[in-house]
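Start counting the sequence shown at 49; every next residue gets the next number (my numbering). All C-beta atoms in this analysis are idealised placements derived from N, C-alpha and C, irrespective of residue type, glycine included. Heads up: the structure comes next, in structure tokens.
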Amino acid sequence: MAQSNEARFMALALALGRRGLGRTWPNPAVGAVIVKDGIVVGRGWTQPGGRPHAEIEALRRAGEAARGATLYVTLEPCSHQGKSPPCADAIVAAGLSRVVSALEDPNPEVAGAGHARLRAAGIAVEVGVGAEEARRDHAGHIRRMRDGRPHVTLKLAISADGKAGAAGRRPVAITGAAARDRVHLLRAQSDAIMVGIGTVLADDPMLTCRLPGMAAYSPVRIVLDRTLRLPLGSRLALSARDVPVWVIAGAMASPALEEALRERGFLVLRAAEANERLEPVLELIAGRGITRLMVEGGPSLAASFVAADLVDEAVLFHSPKVLGADGIDALDGLPLTALTQSLRQLASEPVGADRCDVFERR
């Protein structure tokens, strides 16, 4: 098949896979397209909760048309028996003649074994079409498999004079409505969103996705709260039974305060070095399946992630507003260049009256 068609069908698979971002953890958000004689006969993406897998969905839609067809899939089909049978076996049983896979799965339970099983059954396998884009889409899965932590995206809203908040931590709208809508979309594509207790006390945020019709796409809300100061009357507390809230406490936090939070629907997790070292916290939440973490506040937490070299991606919304010299710096105790010069810039575009710059790890 012509190279342009290969790329086109893989681009469709990637677009389908992105439908599941933020909703499939701990599984990756995979997309799959089945093509026969140049016509798409089946398509699928990983369903909420991680199952069914994308390949199974595409095979179900294709039915008998899958026999002799080509499967385009954004990640190597699984070969191990998990909570569902191996996708590689289903592909063989369906009689596909060829599989085009963007990436080998870094999961040690797969790691090439899926492709090997397909080849052993006489199916032609090609790996690498759309690999660069697939690596971005599956960055959370890859990071969790290789490093035992989530992929971290740091979001900052920054005034024209480099501030992220008004003096005295007074709440202030820095960016406009278009940028705020973009932030809500980023939330929807994340497994979890993290803030420090200082942001909760200062802003009383909801941290949900408030785009029309997308409340169900809200991520897990995580608060770093070493001594459990989270107010029981906060908006997080009042909505904890509707959208999950995880509180990361230190080892010495009061058991009575923990019980009070649990009674209101919080999941309280303890990390011995919570608010002191971030690595144990990230390992803790990765162990519970989180693959894509958005860090949204505040300046102290953002600076801690930058200082620890744990930012994989940064999305900076630059506003034309000026907050004044007594405003709070975007990164507490660090210049903004400590972040931007450690990453490479991917994109810059206007979002309403603001500008959005995207950076990623070099």
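Between HIS232 and the set ASP251, LEU255, VAL243 and ALA285, the nearest pair of CA atoms involves LEU255. For the pair of segments examined, the segment 56-71 was found to touch the segment 91-100: the number of CB pairs separated by less than 8 Å reaches three. In its chain, beyond the 5 residues on either side, ARG312, GLY313 and PHE314 have a beta carbon closer than 7 Å to the beta carbon of ALA288. The beta-carbon separation of ALA80 and ARG91, rounded to 7 Å, stays under the 8 Å limit for a contact. Looking at the backbone, the Cα of CYS257 and that of VAL243 are separated by about 15 Å.
Two segments are said to touch when three or more pairs of C-beta atoms, one from each, lie closer than 8 Å; by this definition the segment 196-216 touches the segment 333-348.
Here DSSP, grouped into helix, strand and coil, assigns ILE333 to helix.
Boundaries of the alpha helix (DSSP H) harbouring PRO303: 303-311, taken from the DSSP string.
In the DSSP assignment, PHE353 is bridged to no other residue. If only complete runs of 3 or more residues are kept, the segment 67-123 shows the beta strand (DSSP E) at 79-84, 87-93 and 118-121, in order along the chain. The Cβ-Cβ distance between GLY210 and ALA378 falls below 9 Å.
For ASP290, the closest of SER390, ARG269 and ILE104 by C-alpha to C-alpha distance is ARG269.
If you compare the alpha carbons of ALA362, LEU123 and ALA142 with that of ALA113, the shortest gap goes to ALA142. C-alpha of ALA236 to C-alpha of ARG167: approximately 37 Å in a straight line.
Around the beta carbon of ASN155, 16 or more other beta carbons sit within 10 angstroms, so the residue counts as buried. Under the DSSP definition of a beta bridge, GLU408 partners with GLU361 and ARG392. Take VAL248, set aside five residues on each side of it, and the residues of its chain with a beta-carbon closer than 7 Å to its own are VAL271, LEU278, SER282 and LEU284, in chain order. Taken atom to atom, the span from the alpha-carbon of GLU344 to that of ALA161 is near 38 Å. Scanning the segment 197-248 for uninterrupted beta strand (DSSP E) segments of 3 residues or longer gives 199-206, 211-213 and 240-244, listed from N- to C-terminal end.
When rounded, the separation of the alpha-carbon atoms in PRO347 and GLU103 is 42 Å.
Counting only residues of its own chain and dropping the five nearest sequence neighbours on each side, VAL148 has a CB closer than 6 Å to the CB of TYR120, GLU174 and VAL177. Per DSSP, the continuous alpha helix (DSSP H) segment holding MET193 begins and ends at 187-195.
When the alpha-carbon of GLU408 is set against those of GLY400, VAL89, THR388 and TRP294, the nearest one is in THR388. Distance check between GLU124 and each of VAL83, ARG67, HIS189 and PRO398 places HIS189 closest, using alpha-carbon atoms only.
Spanning the alpha carbons of CYS126 and ARG165 requires a straight line of approximately 10 Å. Using a Cβ distance threshold of 9 Å, GLY298 and ALA264 do not count as a contacting pair.
A distance below 9 Å separates the beta carbons of ILE241 and LEU341. DSSP places LEU166 inside the alpha helix (DSSP H), whose first and last residues are 161-168. When the Cα atoms are used, LEU330 and ARG191 turn out to be separated by approximately 11 Å. Closest by C-alpha distance to GLU397, out of ALA373, LEU151, ARG230 and PHE57, is ARG230.
Within the DSSP secondary-structure output, ALA136 pairs in no beta bridge.
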